[in-house]
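Engineer: My numbering puts the first residue of the sequence shown at 2, with every later residue one more than the last. Quick one: this structure, given as structure tokens, is what I'll be asking you about.
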Amino acid sequence: MSSSKRSYDGSTKESKLNMFIPMFEKFRDDLDKHHDRRERVIKASRDITAASKKMFNTTNRVRELSTDYPPKLLSEISEKEVIIRQQFESIRPDLQGINSWRYQPQISPGLQEFVEAISLQHYLRTQTIISLEESSKQLPSGIELSGEDFLLGLFDVVGELMRFAITTMATTAKIPGAINKEGSKQDILMDLRTLRAHFEELCVPPCRSNWLAQNFDKKMEVMRQCVQKVEHAAYGKIVRGQERPLGWFPPSSDE
Numbered sequence: 002m003s004s005s006k007r008s009y010d011g012s013t014k015e016s017k018l019n020m021f022i023p024m025f026e027k028f029r030d031d032l033d034k035h036h037d038r039r040e041r042v043i044k045a046s047r048d049i050t051a052a053s054k055k056m057f058n059t060t061n062r063v064r065e066l067s068t069d070y071p072p073k074l075l076s077e078i079s080e081k082e083v084i085i086r087q088q089f090e091s092i093r094p095d096l097q098g099i100n101s102w103r104y105q106p107q108i109s110p111g112l113q114e115f116v117e118a119i120s121l122q123h124y125l126r127t128q129t130i131i132s133l134e135e136s137s138k139q140l141p142s143g144i145e146l147s148g149e150d151f152l153l154g155l156f157d158v159v160g161e162l163m164r165f166a167i168t169t170m171a172t173t174a175k176i177p178g179a180i181n182k183e184g185s186k187q188d189i190l191m192d193l194r195t196l197r198a199h200f201e202e203l204c205v206p207p208c209r210s211n212w213l214a215q216n217f218d219k220k221m222e223v224m225r226q227c228v229q230k231v232e233h234a235a236y237g238k239i240v241r242g243q244e245r246p247l248g249w250f251p252p253s254s255d256e
């Protein structure tokens, strides 16, 4: 038997639940759009990460500071930059307004790798650290680069600078460096020590909702280890360099 209620004249009353159906259908549509946007951002972030890794792997073929890149190297780097820009452009509509923060955890890995790639390229060309403003200008309009992602990307580039320094010392028997604006020699170890000092001046209170705070301690420890490895390699080059043949690499126990 039907349980529908009837009015005093015997007509069936329309269920009050019907008024909620359009509202929940809108909720469903909004949720579907959210998941679609989220998946697009995740995929683009992974593609940006992959292209950025290829870009700084290409950049690592440079063996001198403050010099112009060979045309072939510039061409390969430009190809990766085009791919990265296209990926950012593809998700620009998904990262507008409040969504730029809503999908911050999804786009953050790609932004950090992007900062790492362009900061390595900038340093090898100019022997200076790229700024947040300069990094933001290399992104399409509408894509926000937060200070947290910028700092985390700079933390990561220290590892690439360590590899560049140690490899260059092993193959050229010289500590990478160039003449600065004041006319004095400035090498990569001096720059890494300065960067370490600036990082150690940062005070980041613990906070679960803060992306920088969640990763700060681990990044700081890895950064210090990388700078120490360059210090040990430079010590070996200066103090014991005459005892080692050109191209010698330290065993893993020395690292």
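Even glycine gets a Cβ: it sits at the ideal position worked out from N, Cα and C. If you're wondering where the values come from, they're calculated on a predicted model, not measured in any experiment.
Along the chain, where does the beta strand (DSSP E) containing Gly111 start, and where does it finish?
Structural biologist: Not the beta strand (DSSP E): Gly111 falls in the alpha helix (DSSP H), residues 105-127.
Engineer: Whole angstroms is fine: what's the gap from Glu256's alpha carbon to Phe28's?
Structural biologist: With a pLDDT of 46 at Glu256, under the threshold of 50, the predicted position of this residue should be treated as unreliable, though the coordinate-derived value follows. The straight-line gap from Cα to Cα measures roughly 56 angstroms.
Engineer: Using CA atoms only, rank isn't needed, just tell me which of Leu66, Asp150, Met163, Ser91 is closest to Phe115.
Structural biologist: Asp150
Engineer: Please check if any C-beta of chain C sits within less than 9 angstroms of the C-beta of Tyr70.
Structural biologist: Protein chain content of the structure displayed is limited to a single chain, and chain C is not contained in it.
Engineer: Does DSSP classify Lys55 as helix, strand or coil?
Structural biologist: helix
Engineer: Are Leu135 and His123 close, meaning C-beta to C-beta below 9 angstroms?
Structural biologist: For clarity, residue 135 is Glu in the given sequence; the question names Leu instead. The answer is yes: Cβ separation under 9 angstroms.
Engineer: Inspect the CB distances between the region 156-173 and the region 137-145 and report whether three or more fall short of 8 angstroms.
Structural biologist: With the cut-off at 8 angstroms, the region 156-173 and the region 137-145 do not touch.
Engineer: Could you give the distance in angstroms between the alpha-carbon of Glu40 and the alpha-carbon of Asp48?
Structural biologist: 12 angstroms
Engineer: Name the DSSP beta bridge partners of Ala179, please?
Structural biologist: Gln187
Engineer: Select from Asp95, His199, Leu66 the residue whose C-alpha is nearest the C-alpha of Ile176.
Structural biologist: Leu66
Engineer: Quick one: what does DSSP say Glu293 is sitting in, helix, strand or coil?
Structural biologist: This structure leaves residue 293 out entirely; the chain is present only between 2 and 256.
Engineer: Can you tell me the Cα-Cα spacing of Lys220 and Ile22, whole angstroms?
Structural biologist: 49 angstroms
Engineer: To the nearest angstrom, report how far apart Val83 and Leu162 are at their CA atoms.
Structural biologist: Distance between the alpha carbons of Val83 and Leu162 is about 24 angstroms.
Engineer: Quick check on Ile49: does DSSP put it in helix, strand or coil?
Structural biologist: DSSP places Ile49 within a helical segment (H, G or I) once states are collapsed to three.
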